[in-house]
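Chains as they are written, first to last, in my numbering: chain S, 1 to 114; chain F, 1001 to 1116.
Quick reminder that beta carbons are idealized off the backbone N, C-alpha and C, glycines included.
A quick note: this is a predicted structure, and the numbers were derived from the prediction, not measured.
Here's the structure, in structure tokens; my notes come after.
What follows is the structure, given as structure tokens:
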């Protein structure tokens, strides 16, 4: 069965320092993987997606993620955090190629201090 | 540029009451979804629809019903509300053609429901 594990429930960084949000997945075939962001009291928004093309995926707002099959990981990174990055981030795996069933991780709350 | 619109944003129900959460999208998406979000649990799929007149159960359908009479609307009905249904509910939509899509779901801003 497909599943996704976000290794940290909270990550705290200072503004201007790098961000690393960790995600490991389990899938019986080559998965499609996504990162979504949720700002307070808002719906989720797609940050980036991996669908078996380039393993390094660039998303919006300077975020990127690297698909590593050997490590079954899809960690989200950003070189320099901004205050506006404070939000909850969800790693997501699709159950089938039609993307109609997504499995969400439990989320990582990113806190950014001045 | 409305996207996905959910109403109401907040609601308090008494145990045993019923209500409908409304969801509408104006992007002509064929797929629509209802998720619930509980603290520390991520999002769980309640029901989804692949087009008007077609719905299917997700991971946690018990206590809910849906209908999809038009492409735009996908209401979620709660019958006999229970405290376990206290949650934040998100409606989402996507466009999938020929069995493949972009994978991007467009979400509403959520409906926060409390059952007392």
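Three-state class that DSSP yields for residue i in the structure shown
{"i": "residue 1085/F", "result": "helix"}
{"i": "residue 1079/F", "result": "coil"}
{"i": "residue 1063/F", "result": "coil"}
{"i": "residue 69/S", "result": "helix"}
{"i": "residue 52/S", "result": "coil"}
{"i": "residue 41/S", "result": "coil"}
{"i": "residue 1051/F", "result": "strand"}
{"i": "residue 24/S", "result": "strand"}
{"i": "residue 1015/F", "result": "coil"}
{"i": "residue 8/S", "result": "coil"}
{"i": "residue 83/S", "result": "helix"}
CB of residue i within 8 angstroms of CB of residue j, strictly
{"i": "residue 115/S", "j": "residue 3/S", "result": "In the structure displayed, chain S extends from 1 to 114; residue 115/S sits before or after that span and is not available."}
{"i": "residue 1083/F", "j": "residue 1015/F", "result": "yes"}
{"i": "residue 1081/F", "j": "residue 1013/F", "result": "yes"}
{"i": "residue 105/S", "j": "residue 23/S", "result": "yes"}
{"i": "residue 1052/F", "j": "residue 1069/F", "result": "yes"}
{"i": "residue 86/S", "j": "residue 77/S", "result": "no"}
{"i": "residue 21/S", "j": "residue 110/S", "result": "yes"}
{"i": "residue 1113/F", "j": "residue 1089/F", "result": "yes"}
Proximal residues to residue i (C-beta, below 7 angstroms), its chain only, five neighbours per side dropped
{"i": "residue 45/S", "result": "36 and 37"}
{"i": "residue 1072/F", "result": "1024, 1025 and 1026"}
{"i": "residue 1002/F", "result": "1026"}
{"i": "residue 1064/F", "result": "1046, 1047, 1076, 1077 and 1078"}
Rounded distance between the beta-carbons of residue j and residue i, thought under 8 angstroms
{"i": "residue 1111/F", "j": "residue 1044/F", "result": "Between residue 1044/F and residue 1111/F the Cβ distance is about 15 angstroms, and since that is not below 8 angstroms, they are no contact."}
{"i": "residue 1117/F", "j": "residue 1029/F", "result": "With chain F covering only 1001 through 1116, there is no way to say anything about residue 1117/F."}
{"i": "residue 80/S", "j": "residue 16/S", "result": "5 angstroms"}
{"i": "residue 1074/F", "j": "residue 1019/F", "result": "Not a contact, Cβ separation roughly 15 angstroms."}
{"i": "residue 25/S", "j": "residue 63/S", "result": "So it is not a contact: roughly 18 angstroms between Cβ atoms."}
{"i": "residue 1076/F", "j": "residue 1054/F", "result": "Not confirmed; about 16 angstroms, so no contact."}
{"i": "residue 32/S", "j": "residue 55/S", "result": "With a Cβ gap of about 13 angstroms, residue 32/S and residue 55/S do not count as contacting."}
Cutoff 6 angstroms; reference residue i; Cβ partners in own chain excluding five residues on either side
{"i": "residue 90/S", "result": "36, 104, 105 and 107"}
{"i": "residue 49/S", "result": "34"}
{"i": "residue 39/S", "result": "87"}
{"i": "residue 18/S", "result": "79"}
{"i": "residue 114/S", "result": "15"}
{"i": "residue 1079/F", "result": "1018"}
In DSSP terms, what residue i is bridged to
{"i": "residue 88/S", "result": "38/S and 109/S"}
{"i": "residue 2/S", "result": "Residue 2/S is not bridged to any residue."}
{"i": "residue 1112/F", "result": "1010/F and 1088/F"}
{"i": "residue 78/S", "result": "19/S"}
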